[in-house]
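Going by my numbering, the first residue of the sequence shown is number 25, and it counts up by one from there. Glycine included, every Cβ here is placed at the ideal spot set by N, Cα and C. The block underneath contains the structure these notes are about, expressed in structure tokens.
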Amino acid sequence: MARKPAFALGEGEVVLADVAAPLSTLIFPLLELIVITGVAWIAVGWMDVTPGVDAVVRNAVVAAWAVIAAWRFGVPVVRSRRRRFVVTDHRILARGRAGGVDSIPHRQIHSARRERGGITVAIYGYERPIHFEQVGKSRAIERVIGEQLAYRR
Numbered sequence: 025m026a027r028k029p030a031f032a033l034g035e036g037e038v039v040l041a042d043v044a045a046p047l048s049t050l051i052f053p054l055l056e057l058i059v060i061t062g063v064a065w066i067a068v069g070w071m072d073v074t075p076g077v078d079a080v081v082r083n084a085v086v087a088a089w090a091v092i093a094a095w096r097f098g099v100p101v102v103r104s105r106r107r108r109f110v111v112t113d114h115r116i117l118a119r120g121r122a123g124g125v126d127s128i129p130h131r132q133i134h135s136a137r138r139e140r141g142g143i144t145v146a147i148y149g150y151e152r153p154i155h156f157e158q159v160g161k162s163r164a165i166e167r168v169i170g171e172q173l174a175y176r177r
């Protein structure tokens, strides 16, 4: 029996907005990659011109560079691209850092607004609003949610 994915649309749902985390979330991982690459390849260049340095050591530095670059840049890129925020005509679907999916029907939403690069959603019955950080195109998302709330009322 096939398992249904947690991030799936319901029957007849229409996607109004679908965004991933903005690319600006990758600034620091990119800067780290530049520094790691510079240091590693300076070391490799020094090993190439220094007599008596074994090729195994040089190859170990290159392998270490590849592993560290994948860990400090590749993993954040994959995590950032997996974070999604979808507004449909019935609900909001959001996948966060941990991979869990939040599904909030529009009838439970009191209001939504942009705040610090993300979206804050006030939900009936909750004392505090829920903040979804680093949502791409947050101004457009806020407008779409506002239109859906106005339509529902």
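Considering residue i, what are the terminal residues of the beta strand (DSSP E) in which it resides?
{"i": "Leu117", "result": "115 to 119"}
{"i": "Val125", "result": "125 to 129"}
In this structure, does DSSP put residue i in helix, strand or coil?
{"i": "Gly6", "result": "Residue 6 is absent from the structure shown; the chain starts at 25 and stops at 177."}
{"i": "Leu40", "result": "strand"}
{"i": "Arg107", "result": "coil"}
Excluding five sequence neighbours on each side, which residues of the same chain lie with their C-beta closer than 8 Å to the C-beta of residue i?
{"i": "Pro53", "result": "Arg96, Phe97, Pro100, Val101"}
Output needed for residue i: all residues of its chain with C-beta closer than 7 Å, excluding positions within five of it in sequence on either side, in chain order.
{"i": "Val68", "result": "Arg82, Val85, Val86"}
Looking at the strands, I want to know which residues DSSP matches up with residue i.
{"i": "Thr112", "result": "Val39"}
{"i": "Ser135", "result": "Ala146"}
Check whether the Cβ atoms of residue i and residue j lie closer than 9 Å to each other.
{"i": "Ala136", "j": "Val145", "result": "yes"}
{"i": "Leu117", "j": "Leu47", "result": "no"}
{"i": "Ser104", "j": "Leu50", "result": "yes"}
{"i": "Ile165", "j": "Val111", "result": "yes"}
{"i": "Gln132", "j": "Gly149", "result": "yes"}
Give the range of the alpha helix (DSSP H) segment to which residue i is assigned.
{"i": "Phe52", "result": "51 to 73"}
{"i": "Val159", "result": "From DSSP, Val159 is part of no alpha helix (DSSP H); its letter is neither H nor E."}
{"i": "Ala94", "result": "Where Ala94 is concerned, there is no enclosing alpha helix (DSSP H), given that its DSSP letter is neither H nor E."}
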